């Protein structure tokens, strides 16, 4: 196994510890993905797959950070604030759905030619 490939696999496992679905899920998916790419022999193909693997690790980190943020937000934001924010969001969605996106009568931007 090439050192680049081994490094990506280690990164996946380290990040997988905190992944919301757990390390077992991540390990199973990583093994399947690595075995699917086992036929690659050209250096350019291997580097492309390693680049994609590193990108997936960054995506996993983003999911983990979002999960932690939501947990912290839920834990430390008062319940009445959640209700207020939900109400404001629903009102904004309702007002946006009522307005016609093609209606430019009140658009402050100058008309383009």
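Residue numbers (my numbering): 660 to 772.
We treat Cβ as the ideally placed atom computed from N, Cα and C, and that holds for glycine.
Bear in mind that the values here come from a model prediction, so they are computed numbers and not experimental data.
Handout entry: C-alpha gap between residue 732 and residue 743, whole angstroms
Key = 14 angstroms
Exercise for the section: Assign residue 666 to one of three DSSP states: helix, strand, or coil. Expected result: helix
Handout entry: Exposed unless 16 or more other CB atoms sit within 10 angstroms - verdict on residue 689
Key = buried
Exercise for the section: Alpha carbon to alpha carbon, how far is residue 720 from residue 660? Give it in angstroms, no decimals. Expected result: 25 angstroms
Problem - Residue environment, residue 675, which counts as buried when at least 16 other CB atoms sit within 10 Å - result: buried
Problem - C-beta contact flag for residue 723 and residue 677 at 8 angstroms - result: Remark: C-beta atoms of residue 723 and residue 677 approach each other more closely than 8 angstroms.
Problem - Residue from 662, 750, 673 with nearest C-alpha to residue 717 - result: Comparing Cα positions, the closest option is 673.
Practice task
Can you have a look at residue 752 and say buried or exposed, based on whether 16 or more other CB atoms are within 10 angstroms of its CB?
Solution key: exposed
Problem - residue 725, DSSP secondary structure in three states - result: helix
Exercise for the section: Compare the beta carbon distance of residue 726 and residue 662 with 8 angstroms and say whether it is the shorter of the two. Expected result: no
Exercise for the section: Could you have a look at residue 741 and say whether DSSP puts it in helix, strand or coil? Expected result: Annotated three-state conformation of residue 741 is helix, per DSSP.
Handout entry: residue 707 versus residue 713: straight-line alpha-carbon distance, rounded
Key = 10 angstroms
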